[in-house]
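This report concerns only the one structure given below.
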Amino acid sequence: SSGINAEWPLRPGEKDGKTSEGVFEVALPLKEKDLVEAEKEVVAFVEGQVVKLQCNKLDVITELWWTCNGKRLKAGEGNVRINNKKTYSVLTFRPAKLSDKGTCTCHAKGQGSEDSVDIQVGGVENEVTITSQVDDLTCKQGDKKTACVLGWDVVSTIGTVKVQVCLYKNQKAIKCKKSKVNDGIYTKEFGKKRKPKNSGSYVAKVTVNGKTFISEPINLTITKKEKKKEKSTE
Numbered sequence: 008s009s010g011i012n013a014e015w016p017l018r019p020g021e022k023d024g025k026t027s028e029g030v031f032e033v034a035l036p037l038k039e040k041d042l043v044e045a046e047k048e049v050v051a052f053v054e055g056q057v058v059k060l061q062c063n064k065l066d067v068i069t070e071l072w073w074t075c076n077g078k079r080l081k082a083g084e085g086n087v088r089i090n091n092k093k094t095y096s097v098l099t100f101r102p103a104k105l106s107d108k109g110t111c112t113c114h115a116k117g118q119g120s121e122d123s124v125d126i127q128v129g130g131v132e133n134e135v136t137i138t139s140q141v142d143d144l145t146c147k148q149g150d151k152k153t154a155c156v157l158g159w160d161v162v163s164t165i166g167t168v169k170v171q172v173c174l175y176k177n178q179k180a181i182k183c184k185k186s187k188v189n190d191g192i193y194t195k196e197f198g199k200k201r202k203p204k205n206s207g208s209y210v211a212k213v214t215v216n217g218k219t220f221i222s223e224p225i226n227l228t229i230t231k232k233e234k235k236k237e238k239s240t241e
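Per the working numbering, the sequence shown runs over residues 8 to 241.
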């Protein structure tokens, strides 16, 4: 048995002046260790945004997994991303859906013990809708005849939008520049000087009343200019 063992004499009673005595063992349960804690116990999101839940490790962990509303989650399934680090684990919904609302739980196993922590996840319907015109776009270097344009349709119910187009790298929007508007579509055009080094993922970063919304990325590929074949001389 585990725990702290102790012995006490047992005297159930006396008979004819004699005392009967016995020894019994009691196992006191060990205090469970806290293995994990939530960075934030309550997390709220707007539909379509990226939402992250962080679970911090407090001791040696041999196994860690996440469940939401009773269902065990798998990294890469649907909009679920799980990133396990040495001292913490992050569950990401990219993009967050209203069906992600509820209770998410970080479960952990340690050396002879188990622990878990709940995080309450609340979500509201998106006030801004960003629709990419394409998911992937391939353009040729030096092609003057074909336009190379990324575009997003942005609809807001809460105010005037400010839109920038950014390079999306390592899950961050960087090198943002103000977007042009053509026929209600927010665009970024790569002109005749476009080069393969401009290839990458691009997002629309929309700001409304101090709130920021990030679109799904458009993957841009710019292929190298084909060298002209030399004419054969006879």
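We treat Cβ as the ideally placed atom computed from N, Cα and C, and that holds for glycine.
Asked                                                                                                                           : Found
Residue nearest to K202 in terms of C-alpha spacing, selected from Q148, P102, L144                                             : Q148
Bounding residues of the beta strand (DSSP E) (the contiguous stretch that carries D63)                                         : It is Asn, not Asp, that sits at residue 63 in the sequence shown. Per DSSP, N63 belongs to the beta strand (DSSP E) from 58–64.
C-beta atoms of L144 and I225 nearer than 8 Å                                                                                   : yes
Contacts around V141, its chain only, beta-carbon distance under 8 Å, and the 5 residues preceding and following it disregarded : L157, G158, I225
Residue(s) in a DSSP beta bridge with D160                                                                                      : T138, I192
T164 versus T136, K64, L227, residue with shortest Cα-Cα distance                                                               : T136
Closest by C-alpha distance to A82, when choosing among V97, V172, E70, K93                                                     : V97
Distance CB(C62)-CB(D107) smaller than 8 Å                                                                                      : no
Residue closest to T153, alpha-carbon to alpha-carbon, out of I181, C173, K185, F197                                            : F197
Burial state of K232, where buried means 16 or more other Cβ atoms lie within 10 Å                                              : exposed
Close beta carbons around E132, own chain, < 6 Å, minus the five adjacent residues each side                                    : E54
Presumed contact (8 Å Cβ cut-off) between E48 and Q127, rounded CB distance                                                     : 7 Å
Contacting residues, own chain, Cβ-Cβ under 6 Å from K4 (five flanking each side not counted)                                   : Beyond the ends of the chain as shown, which are 8 and 241, falls residue 4; an answer cannot be given.
Residue interval of the beta strand (DSSP E) (run including K176)                                                               : 169–176
Classification of K195 by the beta-carbon crowding that lies within 10 angstroms, buried from 16 upward                         : buried
Expected contact under 8 Å - CB spacing of L227 and S206 to nearest Å                                                           : 6 Å
Three-state secondary structure (DSSP) of S123                                                                                  : strand
Contact check, V161 vs Y193, beta carbons under 8 Å                                                                             : yes
Same chain, Cβ closer than 7 Å to A180, neighbours up to 5 away in sequence not counted                                         : C173, V210, K212, I221
According to DSSP, residues forming a beta bridge with D150                                                                     : The partner list for D150 (beta bridge, DSSP) is empty, contrary to what the question assumes.
Delimiting residues of the beta strand (DSSP E) encompassing A103                                                               : Here A103 belongs to no beta strand (DSSP E), and DSSP marks it neither H nor E.
Own chain residues within Cβ distance below 6 Å of K116, not counting five before or after                                      : T69, E70
Simplified DSSP assignment, three categories, for K204                                                                          : helix
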